[in-house]
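Everything below concerns the one structure shown next.
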Amino acid sequence: MACVAVPIVEGIIVKTAEWILVQKERKEEARTKALKGEAEGKSLMNGEKRYSSPLKNGNFPEGEAHSALTNSGTLVGLSLRKKLHLLSNFLFSGSVLLVFEHFWHGEIVPFFPFLTGARTPEDSYTMLQEMSTVGVSMALLITGIWAVYCFVLERKLQKEGEKNASIA
């Protein structure tokens, strides 16, 4: 019934953490550009400049062209922000499918209380129990699959980096 709420809440938390990292990257990029003197900004009254860091694709800072971070020419893996972006995509896409499935079976209705499991106090207890068992296990399973996916992707990027380093 409402087990989908747990992965959605986890997705919101992960998306918030990703947004915080994007904001930090924007500030760092603007600071780096200001130090290099490459940033273009508008002069203020007291001679200071206001810098802005445009976003590419609406989510990622402009300076990051690769899917991997580079450190002295070698690939070191995905950034935490991109990993969180993958996790939020996993959580939200699975949740959308589950919401559709619940709607299809009549467990979500277009009128108050919206969930058929929230009509009576006894049903609410059952709904909360389902959220704490099925919802939490689904969220943990999705997070586990994401962790394995990131691990495999990191290994693949390391091997590609080693291969490119041996060619050069």
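In this text, residue positions in the sequence shown follow the numbering used here: the first is 112, and each later residue adds one.
Quick reminder that beta carbons are idealized off the backbone N, C-alpha and C, glycines included.
Label Leu195 either buried or exposed according to how many other C-beta atoms from any shown protein chain fall within 10 Å of its C-beta, with 16 as the threshold for buried.
Looking at its Cβ environment, which holds 16 or more other Cβ atoms inside 10 Å, Leu195 is buried.
Identify which residue in Phe225, Trp130 and Glu139 has its Cα closest to the Cα of Ala116.
Selected option, being the one with the closest Cα: Phe225.
If you reduce the DSSP assignment to three classes, tell me which class Gly217 lands in.
Coil at Gly217, not helix or strand.
Given this structure, state the Cα-to-Cα distance separating Gly122 from Lys270, to the nearest angstrom.
Their Cα atoms are separated by approximately 30 angstroms.
What number of angstroms, rounded off, separates the C-alpha of Phe222 from the C-alpha of Leu264?
Rounded to the nearest angstrom, the two C-alpha atoms are 44 angstroms apart.
If I measure Cβ to Cβ from Lys126 and keep anything under 6 angstroms in the same chain, skipping five residues before and after, which residues do I get?
Excluding positions up to five away in sequence, the list reads Ser199.
Which class does Gly148 belong to by DSSP, given the choice of helix, strand or coil?
Three-state result, Gly148: coil.
Could you spell out the range, first to last residue, of the alpha helix (DSSP H) harbouring Gly261?
Sequence inspection shows Cys at residue 261; the Gly mentioned does not correspond to that position. Here the alpha helix (DSSP H) through Cys261 covers Val247 to Ile278.
Go through its chain and collect everything with a Cβ distance to Ala128's Cβ below 8 angstroms, but skip five positions before and after it.
Counting only Cβ-Cβ distances below 8 angstroms, and skipping sequence neighbours, we find Leu195.
What do you reckon, is the C-beta of Lys274 under 7 angstroms from a heavy atom of the ligand ATP?
Because no ligand of any kind appears in the structure shown, any question about the ligand ATP cannot be addressed here.
Just to check my reading of the structure: Glu218 and Thr227 have Cβ atoms closer than 8 angstroms, yes? What is that Cβ distance to the nearest angstrom?
Sure, about 5 angstroms apart at Cβ, within 8 angstroms.
So, using beta-carbon positions, are Glu136 and Arg192 closer together than 8 angstroms?
Yes, these two residues count as a Cβ contact at 8 angstroms.
Taking the beta carbon of Glu140 as the centre, do at least 16 other beta carbons fall within 10 Å, making it buried, or is it exposed?
When all chains shown are included, Glu140 counts as buried.
With Thr244 as the anchor, note down where its alpha helix (DSSP H) starts and where it stops.
Where Thr244 is concerned, there is no enclosing alpha helix (DSSP H), given that its DSSP letter is neither H nor E.
If we call anything under 8 angstroms between Cβ atoms a contact, is Cys261 one with Leu197?
Yes, the pair counts as a contact, with Cβ atoms nearer than the cut-off.
Where Trp130 and Leu239 are concerned, what is the direct C-alpha to C-alpha distance, given to the nearest angstrom?
Whole-angstrom Cα-Cα distance: 30 angstroms.
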